[in-house]
Amino acid sequence: MEAQEAKSHSEQISHGTYVLVWLALIVLTCITVAASGINLAAFTIVVTLLIALTKASLVVNIFMHIKFEDKIFKVFLGIAGFTLFVIFSLTFADVFFRR
Amino acid sequence: MSQIVEPASSDVIHGHEAHVHKDNQGAKIGMWLFLLTELLLFAGLFLLYSAYRYFHSDAFHRAGLDMHTLFGTLNTIVLLTSSLTMALSIAAIQRGKKWLSITFLSSTILLGLSFLTVKYFEWSSEIAKGIYPGSAKLLDRSNGEILFFGLYYTMTGLHGLHVIAGMIVLIFMLVFIVRDKITKDDYIKLENAGLYWHLVDIIWIFLFPLFYLIN
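Heads up: the sequence lines are chains A and B, in that order. Under this note's numbering, think of the first position of the first sequence as 3, with each following residue one higher. Under this note's numbering, think of the first position of the second sequence as 8, with each following residue one higher.
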C-alpha cells in the first residue's frame, strides 16, 4: 500500500541525515550573510532569495518529509506554488509597468 | 465514494487496536491544507513588501541600515536548530524512544523561547532608538522608511505570534508523549505539530534576507 510505504520511508531517515541537512542550512545562512555584505547591486536580492528558496526546499523535502510522501502531497504543493507564482506575476506586471 | 477509512498502517503492522479506524494520511493532508492557507496569509504581506520595495527602493535600503543583522542571523540559526530538534523528536518517537523524543521536543520549545527572547532585545533596541509605528522620530522620515518599519513590525510580529502558537501546541504534544497519548504506533499529532513548526521556520527563512540583509 502506498501509504504504508510513505510511512516506512520517512521512518528510514536517519538522525545523521537530519543533522547533515541542518549543517547545510547553517552553511547556507552564513553564505547568504556573506553575500549580502558584498556589493552586488540588484543581484544581492536575487542571490539571497535563491539561497532562501534552497533552504526552504531542504526543510520541506527532508524535515517535512515531502520527498517521502505520496504524490498527492506534491500535487498540493505544486498547485499552491503555481497559484502564488500567478498572483506574484500578475501583481508585478501591474507594479512594473504602471504609468 | 469509498466509506472504509484505511486504518493507520502501524495498526496493521502491530496487529492491535486494528478496530480503531484512523486515517493518518487524511490527517496529514488536512494539516497541509491549513499550512497552505497560512502560506497565503504571509504571501499577501510579502506581496505588499515587494511592491513597496519597488516603489521606495532607496528608502528601503536606508531603513535597512537601522536593522540588527546580528540579531537576525542569530535568530535564523536558533530557529533552524529548533527545526532540527523537532525532526529528531519525531524520529525518536518513530523508533520508540520516548524520553529521547521528550528531550528533543523540550529543546525545540526552549529554542522557540530563545528566539522570542532575542526578538525582545531586538525590538527593545529599535524602540529605544525611537523607531516604532507612529513614533515622532519615524514620522519625520520618508514615506518609504515608514512603510519599511511598518512592514517590519507587522511581519516579524505576526511571525512571532506564530512562534508563540507553535510553542503552545508543542507543550501540549509534550504532555501527550509523557502520558503515552503519543506513542511509537500513533504519532500523527506530533508529526502535524512538527509540520506547523517547520512552516514557521520557512517563513522566517524568507523574512530574514528581506529585512535583515538589505543594505
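Glycine is no exception: its CB is placed at the ideal position from the N, C-alpha and C atoms.
Reference residue 103 of chain B, options B/149, B/201, B/193, closest by Cα
Within the second sequence, residue 103 of chain B is the residue found at index 96, counting from 1. Relative to the Cα of residue 103 of chain B, the nearest Cα in the group B/149, B/201, B/193 belongs to B/193.
Neighbour-count burial assignment, residue 208 of chain B, 16 or more Cβ in a 10 Å radius
In the second sequence, the residue the question calls residue 208 of chain B occupies position 201. That one is buried.
Integer-rounded CB distance, given that residue 78 of chain B should sit under 8 Å from residue 155 of chain B:
Here residue 155 of chain B refers to the residue found at position 148 of the second sequence. Here residue 78 of chain B refers to the residue found at position 71 of the second sequence. So it is not a contact: roughly 17 Å between Cβ atoms.
Going along the chain, which residues of its own chain have a beta-carbon closer than 6 Å to the beta-carbon of residue 203 of chain B, five neighbours each way excluded?
Counting from one through the second sequence, the residue named residue 203 of chain B turns up at place 196. Cβ contact annotation for residue 203 of chain B (same chain, cutoff 6 Å, sequence separation greater than five): 173, in chain order.
State yes or no: is the beta carbon of residue 72 of chain A nearer than 8 Å to at least one beta carbon in chain B?
The count along the first sequence starts at 1 and reaches residue 72 of chain A at position 70. Judged by the 8 Å Cβ criterion, residue 72 of chain A is in contact with chain B.
Measure the alpha-carbon distance for residue 90 of chain B versus residue 101 of chain A and round it to whole angstroms.
Here residue 90 of chain B refers to the residue found at position 83 when the second sequence is read from its first residue. Here residue 101 of chain A refers to the residue found at position 99 when the first sequence is read from its first residue. In this structure, the alpha-carbon of residue 90 of chain B lies about 45 Å from that of residue 101 of chain A.
Along chain A, which residues have their Cβ under 7 Å away from the Cβ of residue 90 of chain B?
The count along the second sequence starts at 1 and reaches residue 90 of chain B at position 83. Within 7 Å Cβ-Cβ: 61, 65.
Say yes only if the C-beta of residue 49 of chain A is nearer than 7 Å to one or more non-hydrogen atoms of the ligand FMN, and no if none qualify.
The ligand FMN is absent from the structure shown, which contains no ligands of any kind.
Distance check for residue 57 of chain A and residue 51 of chain A, CA to CA, integer angstroms please.
What you label residue 51 of chain A is simply residue 49 of the first sequence in a count that begins at 1. What you label residue 57 of chain A is simply residue 55 of the first sequence in a count that begins at 1. So the alpha carbons of these two residues sit roughly 10 Å apart.
Strictly under 8 Å for the Cβ-Cβ distance: is residue 194 of chain B near chain A by that measure?
On the second sequence, position 187 is the one that residue 194 of chain B refers to. When Cβ-Cβ separations below 8 Å define contact, residue 194 of chain B makes no contact with chain A.
How many angstroms separate the CA atom of residue 68 of chain A from the CA atom of residue 80 of chain A?
One-based indexing of the first sequence puts residue 68 of chain A at position 66. One-based indexing of the first sequence puts residue 80 of chain A at position 78. In a straight line, the C-alpha of residue 68 of chain A is about 12 Å away from that of residue 80 of chain A.
Which runs of the alpha helix (DSSP H), 4 residues or longer, sit entirely within the region 39-112 of chain B?
The qualifying runs are 64-71, 76-101.
Any C-beta of chain B under 8 Å from that of residue 91 of chain A
Locating residue 91 of chain A in the first sequence gives position 89, counting from the first residue. Not closer than 8 Å to any Cβ of chain B, the Cβ of residue 91 of chain A fails to qualify, so no.
Could you check what DSSP says for residue 30 of chain B in three-state terms: helix, strand or coil?
Residue 30 of chain B sits at position 23 when you count from the first residue of the second sequence. Residue 30 of chain B: coil per DSSP, three-state reduction.
Since residue 13 of chain A contacts residue 32 of chain B with CB under 8 Å, what's their CB separation in whole angstroms?
As a working note, residue 13 of chain A is residue 11 in the first sequence. As a working note, residue 32 of chain B is residue 25 in the second sequence. Not quite, the Cβ-Cβ distance comes to about 15 Å (not below 8 Å), so this is no contact.
What three-state label does DSSP hand residue 208 of chain B in the structure shown?
On the second sequence, residue 208 of chain B is found 201 positions in, with the first residue counted as 1. Helix.
Burial state of residue 159 of chain B, where buried means 16 or more other Cβ atoms lie within 10 Å:
Counted from its first residue, the second sequence places residue 159 of chain B at position 152. The C-beta of residue 159 of chain B has 16 or more other C-beta atoms within 10 Å across all chains shown, which makes the residue buried.
Per-residue DSSP class, three states only, for residue 193 of chain B
Along the second sequence, one-based indexing puts residue 193 of chain B at 186. If DSSP states are grouped into helix, strand and coil, residue 193 of chain B belongs with the strands.
Three CB pairs or more closer than 8 Å across the region 102-117 of chain B and the region 210-221 of chain B:
With a cut-off of 8 Å, the region 210-221 of chain B and the region 102-117 of chain B do not count as touching, because too few Cβ pairs lie within range.
Do residue 90 of chain A and residue 54 of chain B have their C-beta atoms within less than 8 Å of each other?
Within the first sequence, the letter at position 88 stands for residue 90 of chain A. Within the second sequence, the letter at position 47 stands for residue 54 of chain B. Residue 90 of chain A places its beta carbon less than 8 Å from that of residue 54 of chain B.
For residue 212 of chain B, return the contacting residues in chain A, with the cut-off set at a CB-CB distance below 8 Å.
Taking the second sequence and counting its residues from 1, one reaches residue 212 of chain B at position 205. Under the 8 Å cutoff, chain A gives 54, 57, 58, 61.
Under a CB-based cut-off of 8 Å, is residue 78 of chain A close to chain B?
Residue 78 of chain A sits at position 76 when you count from the first residue of the first sequence. It does; some Cβ of chain B falls within 8 Å.
Does the distance from the CB of residue 167 of chain B to the CB of residue 197 of chain B come in under 8 Å?
Position 160 of the second sequence, counted from the first residue, corresponds to residue 167 of chain B. Position 190 of the second sequence, counted from the first residue, corresponds to residue 197 of chain B. It is not a contact, given that the beta carbons lie outside the stated cut-off.
Can you list the residues of chain A that residue 169 of chain B reaches, using a CB-CB cut of under 8 Å?
As a working note, residue 169 of chain B is residue 162 in the second sequence. Close partners of residue 169 of chain B in chain A (Cβ separation under 8 Å) are lacking, with about 15 Å as the shortest Cβ gap.
Exposed or buried, what is residue 19 of chain A when buried is set at 16 or more other beta-carbons lying within 10 Å of its beta-carbon?
Counting from one through the first sequence, the residue named residue 19 of chain A turns up at place 17. Residue 19 of chain A should be labelled exposed.
Considering just the uninterrupted stretch of the alpha helix (DSSP H) at residue 65 of chain A, what are its terminal residues?
Locating residue 65 of chain A in the first sequence gives position 63, counting from the first residue. In the DSSP assignment, residue 65 of chain A falls outside any alpha helix (DSSP H), carrying neither H nor E.
Collapsed DSSP secondary structure at residue 216 of chain B in the structure displayed
What you label residue 216 of chain B is simply residue 209 of the second sequence in a count that begins at 1. Note: residue 216 of chain B maps to helix in three-state DSSP.
Close Cβ partners of residue 72 of chain B (< 7 Å) along its chain, the five nearest in sequence each way excluded
What you label residue 72 of chain B is simply residue 65 of the second sequence in a count that begins at 1. The answer, listed in chain order, is 222.
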